[in-house]
Amino acid sequence: MHLDMDAFFASVEQLTRPTLRGRPVLVGGLGGRGVVAGASYEARPFGARSAMPMHQARRMVGAPAVVLPPRGVVYGVASRRVFDTIRAIVPVLEQLSFDEAFGEPAELVGASAEQVHEFCEHLRGRVREETGLTASVGAGAGKQIAKIASGLAKPDGVRVVRRAEERLLLEGLPVRRLWGIGPVAEEKLNRLGIETVGQFAALADSEAASILGATIGPALHRLARGIDDRPVAERAEAKQISAESTFATDLTTLAQLHDAAGPIAEHAHQRLERDGRGARTVTVKLKKTDMTTLTRSATLPYATAEAATLIATARRLLLDPVQVGPIRLLGVGFSGLSDVRQESLFPDLDQGQVELGETRAPVAAPALEAGGWRIGDDVSHPDLGHGWVQGAGHGVMTVRFETRSSGPGPTRTFSVEEPAVTRANPVDSLDWPDFVADIERSAEESEDITGR
1 MHLDMDAFFA SVEQLTRPTL RGRPVLVGGL GGRGVVAGAS YEARPFGARS
51 AMPMHQARRM VGAPAVVLPP RGVVYGVASR RVFDTIRAIV PVLEQLSFDE
101 AFGEPAELVG ASAEQVHEFC EHLRGRVREE TGLTASVGAG AGKQIAKIAS
151 GLAKPDGVRV VRRAEERLLL EGLPVRRLWG IGPVAEEKLN RLGIETVGQF
201 AALADSEAAS ILGATIGPAL HRLARGIDDR PVAERAEAKQ ISAESTFATD
251 LTTLAQLHDA AGPIAEHAHQ RLERDGRGAR TVTVKLKKTD MTTLTRSATL
301 PYATAEAATL IATARRLLLD PVQVGPIRLL GVGFSGLSDV RQESLFPDLD
351 QGQVELGETR APVAAPALEA GGWRIGDDVS HPDLGHGWVQ GAGHGVMTVR
401 FETRSSGPGP TRTFSVEEPA VTRANPVDSL DWPDFVADIE RSAEESEDIT
451 GR
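Counting with UniProt numbering, you get residues 1 to 452 for the letters of the sequence shown.
The structure is reproduced here in structure tokens:
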């Protein structure tokens, strides 16, 4: 089976900020080059979706759009509770990201489709009961079919594909839906008139090998014919998460390199967010025209998933092509990955100092708005409790006071200098004090063992 949380990032925002339930929510970068990390189902009829430029999604949704910066630490805690709940029922999981995993429950061997459906509904019910979040589950005779089925089950459903249905289901799908077919392979197949999985399956093994390579071609051909015997297995955690790009024309100025670093670092950061951990070390790789590779690293005081801090650090590490020569490839990597992440209360200010080799070097940081408050910031008030900033400007800010368990809360307007309003831990919006305490206790025990 394949379990996939529904619009996970946006759903967590709606869970912890009840006023947003039923509204089109976009989560992602708010700057000019920001990308949508998650779109609620209410935003999708407008055409908004993950990975598109934020400015495009905002234009599509229009005035009703609620745009929020990601809160990685909140998604990480929510993800952990989701998968702790699932592991209590399905002990072995192959977790792919924050919000999806494969499972192969031993008790379903030889089960009927009806029994599998009942099991999946029970699993979804437990997740909803424990977390308030919804999941869709697909089940079938292999990973390929299960993943396709979970897509058909969305949102908030179950789809079990029987053996007799597999061929009909696969045949009409675009060939790109086949696991492992990327844009390059898709283009090769499309040029030959092969546009559906069924058309690809009709080829001989030798033809598939000729088109896509001797190793990958036959493997993909087997999947296209519904043959998928890959087992579910716990995944080893990545030690580094990175992204890189080769430029069509060599970059010759620091300004060009600086501009190119943003999207590449954002891509790496998206992968980091989906992994669910924070990073302490940022590495930049530069490949010159003569194929010589240069690398530079910086180590932060703590592991973080703050996009602004990580991207600014990567930019600080860049070398001037005027001094080192034209650059044909740029890569950004995050390592020193840890489940114990510190979400900075002042991320822009924290970018001012990073540990670079044996020196301390300043990093350019964007200016904070007046009072340092931005839409989406978590706050606390001694009388009104936990809340979040709905709007800020002209010396005032509007705060909505609510959490997962409170229901839609009241709003209040304050001066941006109001001393009673202080920054709060975003995790408090989940209102899971016992669960969070268990996580912190486990982290402390883990650090203690490592220290010994």
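All residues carry an ideal CB built from backbone N, CA and C; glycine is no exception.
For this session: Report the residue ranges of all beta strand (DSSP E) runs contained in full by the stretch 244-318; include only those spanning at least 3 residues, in chain order.
Result: Counting only runs of 3 or more, we get 279-288, 293-304.
For this session: Pull up the distance between the alpha-carbon of residue 251 and that of residue 319, whole angstroms please.
Result: Cα to Cα, the separation comes out at about 11 Å.
For this session: Compute the distance between the beta-carbons of residue 55 and residue 143, then report whether it is under 8 Å.
Result: No, the pair does not count as a contact, with Cβ atoms beyond the cut-off.
Exercise. Mapping DSSP to helix, strand and coil, what is residue 93?
Worked result: Correct three-state label for residue 93: strand.
For this session: List the whole-angstrom C-beta distance separating residue 82 from residue 5, where the pair is believed to meet the contact cut-off of C-beta under 8 Å.
Result: So it is a contact: roughly 7 Å between Cβ atoms.
Exercise. Can you check whether the CB of residue 275 is closer than 8 Å to the CB of residue 97?
Worked result: A contact, by the Cβ cut-off of 8 Å.
For this session: Give me the Cα-Cα distance between residue 93 and residue 196, rounded to the nearest whole angstrom.
Result: Spanning the alpha carbons of residue 93 and residue 196 requires a straight line of approximately 31 Å.
For this session: Pull up the distance between the alpha-carbon of residue 207 and that of residue 168, whole angstroms please.
Result: Rounded to the nearest angstrom, the two C-alpha atoms are 22 Å apart.
For this session: Note down the Cα distance separating residue 188 from residue 321, rounded to an integer number of angstroms.
Result: Counting only the Cα atoms, residue 321 lies some 36 Å from residue 188.
For this session: Give the DSSP-derived three-state secondary structure of residue 394 in the structure shown.
Result: Coil, per DSSP.
For this session: Taking 8 Å as the threshold, find out whether the stretch 61-71 comes into contact with the stretch 26-36 through three or more Cβ pairs.
Result: Output reads yes: the stretch 26-36 touches the stretch 61-71.
Exercise. Hey, residue 145 and residue 161: beta-carbon distance below 8 Å or not?
Worked result: Yes.
Exercise. What number of angstroms, rounded off, separates the C-alpha of residue 372 from the C-alpha of residue 315?
Worked result: Our two residues, residue 372 and residue 315, have alpha carbons roughly 23 Å apart in a direct line.
Problem set entry | Nearest to residue 244 (by Cα), restricted to the options 260, 337, 279, 414 | Check the Cα spacing between residue 244 and each of 260, 337, 279, 414: the tightest is with 260.
Exercise. For residue 222, which of 395, 204, 323 has the nearest alpha-carbon?
Worked result: Minimum Cα-Cα distance from residue 222 among the listed residues 395, 204, 323 corresponds to 204.
Exercise. Which same chain residues, not among the five before or five after residue 455, have their C-beta less than 8 Å away from its C-beta?
Worked result: With the chain running from 1 to 452 in the structure shown, residue 455 is simply not present.
For this session: Assuming residue 39 contacts residue 50 (C-beta within less than 8 Å), just tell me the rounded distance between them.
Result: Confirmed, about 6 Å.
Exercise. What whole-angstrom Cβ distance do residue 159 and residue 138 have, given they're in contact under 8 Å?
Worked result: Yes, they are in contact, since the Cβ atoms of residue 159 and residue 138 sit about 5 Å apart, within 8 Å.
For this session: Assign residue 270 to buried or exposed, taking buried as 16 or more other Cβ atoms, counted over all protein chains shown, within 10 Å of its Cβ.
Result: Answer is buried; the Cβ neighbour count reaches 16.
Exercise. Contact between the stretch 276-295 and the stretch 304-311: three or more CB pairs below 8 Å?
Worked result: Touching, per the Cβ criterion.
Exercise. Excluding the five sequence neighbours on either side, which residues of its own chain have a C-beta within less than 7 Å of the C-beta of residue 380, listed in chain order?
Worked result: When the five nearest sequence neighbours on each side are left out, the beta carbons in the same chain lying within less than 7 Å of the beta carbon of residue 380 are those of 386, 422, 424, in order along the chain.
Exercise. Do you know offhand how far residue 295's Cα is from residue 239's?
Worked result: In a straight line, the C-alpha of residue 295 is about 17 Å away from that of residue 239.
For this session: Provide the residue span of the alpha helix (DSSP H) that contains residue 52, from first to last.
Result: For residue 52, there is no enclosing alpha helix (DSSP H), as DSSP marks it with neither H nor E.
Problem set entry | residue 91, buried or exposed, once every other Cβ within 10 Å from all chains shown has been counted against 16 | With a threshold of 16 other beta carbon atoms within 10 Å, residue 91 falls short and is exposed.
Exercise. Any idea if residue 323 is buried or exposed, counting beta-carbon neighbours within 10 angstroms, 16 or more meaning buried?
Worked result: Result: exposed.
For this session: Just tell me which of 35, 34, 57, 53 has its CA closest to the CA of residue 45.
Result: Selection 35, 34, 57, 53 evaluated against residue 45 yields 57 as nearest (Cα-Cα).
Exercise. Looking at the structure shown, is residue 449 part of a helix, part of a strand, or coil, going by DSSP?
Worked result: Interpretation of residue 449 is limited by its pLDDT of 47, a score under 50 that renders its predicted location unreliable; the figure taken from the coordinates is listed afterwards. In the structure shown, residue 449 sits in a helix (DSSP, three-state: H, G or I).
Problem set entry | Residue burial classification, residue 426 (beta-carbon count within 10 angstroms, cutoff 16) | In this structure residue 426 is buried. Its beta-carbon is surrounded by 16 or more other beta-carbon atoms within 10 angstroms.
For this session: With residue 330 as the anchor, note down where its beta strand (DSSP E) starts and where it stops.
Result: Counted as a single uninterrupted DSSP element, the beta strand (DSSP E) harbouring residue 330 occupies residues 327-335.
Exercise. Any idea what DSSP makes of residue 5, helix, strand or coil?
Worked result: Residue 5: strand per DSSP, three-state reduction.
For this session: Identify the continuous beta strand (DSSP E) that holds residue 37 and give its terminal residues.
Result: In the DSSP annotation of this structure, the continuous segment of the beta strand (DSSP E) that includes residue 37 starts and ends at 36-39.
For this session: Report back the beta-carbon spacing between residue 288 and residue 325 to the nearest angstrom; my notes put them in contact at under 8 Å.
Result: The distance from the Cβ of residue 288 to that of residue 325 is about 5 Å, consistent with a contact at the 8 Å cut-off.
Exercise. Using CA coordinates, which residue listed in 413, 338, 88, 193 is at the minimum distance from residue 394?
Worked result: Measuring from the Cα of residue 394, the nearest candidate turns out to be 413.
For this session: Answer with buried or exposed for residue 24, where buried requires no fewer than 16 other C-beta atoms within 10 angstroms of its C-beta.
Result: For residue 24, the number of other beta carbons within 10 angstroms of its own is at least 16, and it is reported as buried.
Exercise. Quick one: what does DSSP say residue 241 is sitting in, helix, strand or coil?
Worked result: Here DSSP, grouped into helix, strand and coil, assigns residue 241 to strand.
Exercise. Taking Cβ to Cβ, would you say residue 224 is nearer than 8 Å to residue 201?
Worked result: Yes, Cβ-Cβ distance for residue 224 and residue 201 is below 8 Å.
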